[in-house]
Amino acid sequence: MNAYLPREAMIVERTEESPDTFTLQLRLTDGEPYSFAPGQFNMLYLYGSGEVPISIVGEDRQSGVLTHTIRALGRITNGLAALRPGDRIGLRGPYGRGWPMQQARNRDVIVVTGGLGCAPSVSIIHHVLEHRGDYGHLTILQGVKHTDDLIWREQYETWAALPDVTVLLAADVASPGWHGHVGLVTALFDQFRFEPGRSIAMLCGPEIMMRAAADGLHFRGLPADAIYLSMERNMQCAVGHCGHCQMGASFVCRDGPVFGWPEVRELLGTRGF
Amino acid sequence: MRGSVINAIMSVTRFLPRNAMQQLIDALATSGYRVLGPQVRDGAILYDDLQEATALPGGWTDDQAPGSYRLSQVDTPRCFAWANGPQALKPELFRAREVLWRVSRDEGGTLRFQQEEVDGRPLAVIGVRACDIAALRLQDRHFLDNISDPYYAAHRRDLFVVAVHCSYPADTCFCVSTGDGPRAESGFDVALGELDDGFLVEVGSERGAQLIEGLALDPAGESRQEQLQAGIDDGARRQFRQLPSRNLRDSLFARLEHPRWETVAVRCLACGNCTSVCPTCFCHAEQETPSLDGMDSAHVREWDSCFSEGHAYLHGFQVRPEIRQRYRQWLVHKLGSWHDQYGRSGCVGCGRCIAWCPVGIDITEEANVICDGAGPGGGDA
Ligand code: SF4
Ligand code: SF4
Ligand code: FES
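Protein chains in written order, with the working numbering: chain C, 1 to 273; chain L, 1001 to 1381.
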């Protein structure tokens, strides 16, 4: 088995989420089985251009269609943004260690995300909602820079309407008509209560936000080992060989991208790692 | 071959007269190996295809110091009176450039991915030093444990290692300090120890035994063995560089804000010479080289360095913008995190990064200054 060799995937559907964010629904054309865990990622390959690591948002069990939400930030992601249904790309994966959905069973799940609607966190939400009986209360704390950046806006509203789900939104800069909080996502911690003994938190977004969020939750009583976060690093091979994603002794592609807070706590605060 | 015969061959050190070196080369070639051996090329000793024993660097020696490497001729019949040049085994197994796969696109837009065939011709390398065998073990772990790298695996599979014990370490060598030399203890098929009139031959594998049996060599005898060991011991005693301890992990991570990182960063050019000559460095970048007609594209990997601008670049965010952070990354990884990743330091004491650094930065000096007070035995493996 060659871990480097992509499989062909076809774009089934493309959705514009925000001016620079889009979602691709992909189907593998080889008909071979594929399965992933929430928080894992795929390497998507744009013909003639190269590969990028993209978190897997979800999968439609029936059709086997995989959802990837991508922000157009560089050469390859901009190229992917230009693709249309019927176009082919390469895909290999899934890679890495995903969210601790097993440990989270029967617990209240707190999802904290910042920056752009964070794809890895959406996979948690989908999983919890699909296995509703296995998990307790779901709290989603979402922070964005500008309210215009909030993608899946409708989806947040749908989630908020579900029983046993709390959605709290915060934006650094609000546009007219915004009803959420203005300020940092961590300020939302004062707006909800959680039971430290039966909760688990999963964080995703800019490191500075995750640091503040982990500190804040821990300060409010959540044990350090009940806090998990999804790290982002330069990834090129995704199999622990190329060395780019190293953070201290960890290969983020293989040992992560999801880490327990105690595993990365120290280096998270050190510039250069 | 029967076990007892192998054991007999493996346990007896034999003697290969200097003029019989050609037979060893021929025997490897006849067994189907592409034979590489050290040769003088562009002012350095490098591995190249070897057919004639006379092409070995007989009578050459080297002079290495921080930022410098020079060859000169001396009056010796020996072919291995020098320490490692810039090249290790690494470029043969983990290639500086390797096509991983190709993809073609037809008119309908269908993509076809094809793994690149690897030239699997078995390779025999003559002259591998103990430090490079240690480095080979580490690269094996990196590329073959967990997820196996098919390209490295293909080059590695039939590698025949003819080691040479070191009696001529350079001033930059410190394999005694890392515990990786100067004698090659294991990890070879055949090991040679050089004396003026020829080579002591030890066998380290069944393949090695088969090869050596065909040469019908006499036992080397006690006195030659003692003479060889004395030469190796002498060489070991001449090494004066050393690391403060074999495990600097805790010491380094406790000193991430040491002012020395700044001092060394002022000198460091971030050229990455150190990482390309280092036999254990494994970083590589993946690149795409589309054909001009747009019908296909090759996915290639090339050596990369933690000193390069793009190494830790993450869409618009540079994890290590400063050279201070990059030098620190290289050192705390090499001498620190490797212990967590592979159970030992990533440095085998070959000294290449010292000699080939254009500004002569010396890893042992930096480690000693930064870990000052850690002392020998500061932390264990
Ligand atoms: S760090 Fe320097 S001395 Fe150590 S193995 Fe690498 S090149 Fe050799
Ligand atoms: S330490 Fe020397 S060889 Fe390495 S990057 Fe800096 S200047 Fe180049
Ligand atoms: S992405 Fe290559 S080692 Fe992690």
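Just so you know, even glycine gets a beta-carbon here, dropped at the ideal spot from N, CA and C. Small disclaimer: the values here were computed from a predicted structure and weren't measured.
Check your understanding: Would the region 1240-1260 of chain L and the region 1328-1336 of chain L be scored as touching if the rule is three or more Cβ pairs under 8 angstroms?
Key -> yes
Review point. Considering only C-alpha positions, which residue in the set C:Gly243, C:Thr158, C:Val258 and C:Asp225 is nearest to Cys204 of chain C?
Key: C:Val258
Practice item. Pair every Cβ in the region 1130-1144 of chain L with every Cβ in the region 1198-1217 of chain L, then say whether three or more of these pairs are closer than 8 angstroms. Key: no
Practice item. Quick one: using the 10 Å Cβ neighbour count with 16 as the cut-off for buried, is Arg1121 of chain L buried or exposed? Key: Looking at its Cβ environment, which holds fewer than 16 other Cβ atoms inside 10 Å, Arg1121 of chain L is exposed.
Review point. Does the beta carbon of Gln25 of chain C come closer than 8 angstroms to any beta carbon on chain L?
Key: no
**Study point:** DSSP-derived helix/strand/coil call for Asp1380 of chain L
**Key:** At Asp1380 of chain L the pLDDT is 35, less than 50, meaning the model places this residue with poor confidence; the figure from the coordinates comes in the next sentence. DSSP places Asp1380 of chain L in coil when its eight states are reduced to three.
Point to revise | Proximity test, Cβ basis, 8 angstroms: Leu5 of chain C and chain L | key: yes
Review point. At which residues does the alpha helix (DSSP H) containing Leu1228 of chain L begin and terminate?
Key: Glu1222 to Arg1238
Exercise for review: Pull up the distance between the alpha-carbon of Cys1079 of chain L and that of Gly1059 of chain L, whole angstroms please.
Suggested key: 6 angstroms
Exercise for review: Taking only beta carbons into account, state which residues of the region 1321-1336 of chain L come closer than 9 angstroms to chain B, listed in chain order.
Suggested key: Checking the listed chains, one finds no chain B in this structure; the protein chains it contains are C and L.
Check your understanding: Is the shortest distance between the beta-carbon of Val239 of chain C and the beta-carbons of chain L less than 8 angstroms?
Key -> yes
Check your understanding: Does any heavy atom of ligand 3 sit closer than 7 angstroms to the C-beta of Cys245 of chain C?
Key -> yes
Practice item. Determine, using beta carbons only, whether Ser18 of chain C comes closer than 8 angstroms to chain L. Key: no
Check your understanding: Taking the C-alpha atoms as reference points, what is the distance between Gly1037 of chain L and Gln1115 of chain L?
Key -> When only Cα atoms are considered, Gly1037 of chain L and Gln1115 of chain L end up about 30 angstroms apart.
Practice item. Note down the Cα distance separating Asp1296 of chain L from Pro120 of chain C, rounded to an integer number of angstroms. Key: 33 angstroms
Practice item. Check distances from the C-beta atoms of the region 1146-1162 of chain L to those of chain C and list, in chain order, the residues that come in under 9 angstroms. Key: Asn1146, Ile1147, Ser1148, Asp1149, Pro1150, Tyr1151 and Tyr1152
**Study point:** Within chain C, the residues that Gly1109 of chain L reaches when beta carbons sit closer than 8 angstroms
**Key:** Gly86, Asp87 and Arg88
Check your understanding: Among L:Cys1283, L:Ile1370 and L:Ile1363, which residue has its Cα nearest to the Cα of Gly1067 of chain L?
Key -> Of the listed residues, the one whose Cα sits closest to Gly1067 of chain L is L:Ile1363.
Point to revise | Under 6 angstroms, CB to nearest heavy atom of ligand 1: contacting residues | key: Residues flagged by the Cβ proximity filter: L:Val1277, L:Cys1278, L:Pro1279, L:Thr1280, L:Lys1334, L:Cys1347, L:Val1348, L:Gly1349, L:Cys1350, L:Gly1351, L:Arg1352, L:Cys1353 and L:Ile1363.
**Study point:** the region 1331-1365 of chain L: positions lying closer than 9 angstroms to chain C by Cβ
**Key:** Val1332, His1333, Gly1336, Ser1337, Trp1338, His1339, Asp1340 and Gln1341
Practice item. Check distances from the C-beta atoms of the region 223-250 of chain C to those of chain L and list, in chain order, the residues that come in under 8 angstroms. Key: Glu232, Arg233, Asn234, Gln236, Cys237, Val239, Gly240, His241, Cys242, Gly243, His244, Gln246, Gly248 and Ala249
**Study point:** Environment of Thr1172 of chain L [buried if 16+ CB atoms lie within 10 Å]
**Key:** buried
Review point. Just the Cα atoms here: how many angstroms apart are Arg1320 of chain L and Trp1338 of chain L?
Key: 19 angstroms
Review point. Do Arg88 of chain C and Thr1110 of chain L have their C-beta atoms within less than 8 angstroms of each other?
Key: Yes, these two residues count as a Cβ contact at 8 angstroms.
Review point. For Ser1072 of chain L, which residues from the same chain have a beta carbon less than 8 angstroms from its beta carbon, with the 5 sequence-adjacent residues on both sides left out?
Key: Trp1060, Thr1061, Asp1062 and Asp1063
Review point. Cβ-heavy atom distance between Ala82 of chain C and ligand 2 below 7 angstroms?
Key: Distance from the C-beta of Ala82 of chain C to the nearest heavy atom of ligand 2 is not below 7 angstroms.
Exercise for review: Along the beta strand (DSSP E) that carries Cys204 of chain C, what are the first and last residues, could you check?
Suggested key: Per DSSP, Cys204 of chain C belongs to the beta strand (DSSP E) from Ser199 to Cys204.
Review point. Are Arg944 of chain L and His1165 of chain L touching if we call contact CB-CB under 8 angstroms?
Key: Residue 944 of chain L cannot be examined here, being either before or after the span of chain L that is shown, 1001 to 1381.
Review point. In three-state terms, what does DSSP make of Asp1106 of chain L?
Key: coil
Check your understanding: Ala187 of chain C to Ala170 of chain C, Cα distance in whole Å?
Key -> 8 angstroms
Check your understanding: Going by the beta-carbon positions, is the gap between Val1162 of chain L and Ile1133 of chain L smaller than 8 angstroms?
Key -> no
Check your understanding: Is the Cβ of Asp268 of chain C closer than 8 angstroms to any Cβ of chain L?
Key -> Inspection of the sequence shows that residue 268 of chain C is occupied by Leu rather than by Asp. Output row for Leu268 of chain C: interface = no.
Point to revise | Terminal residues of the beta strand (DSSP E) in which Asn42 of chain C lies | key: Phe41 to Leu46
Review point. Can you give the Cα-Cα distance for Glu51 of chain C and Leu44 of chain C, rounded to whole angstroms?
Key: 5 angstroms
**Study point:** Residues that Leu1111 of chain L bridges to, as DSSP identifies them
**Key:** L:Arg1105
**Study point:** Buried/exposed call for Thr21 of chain C, threshold 16 Cβ in 10 Å
**Key:** buried
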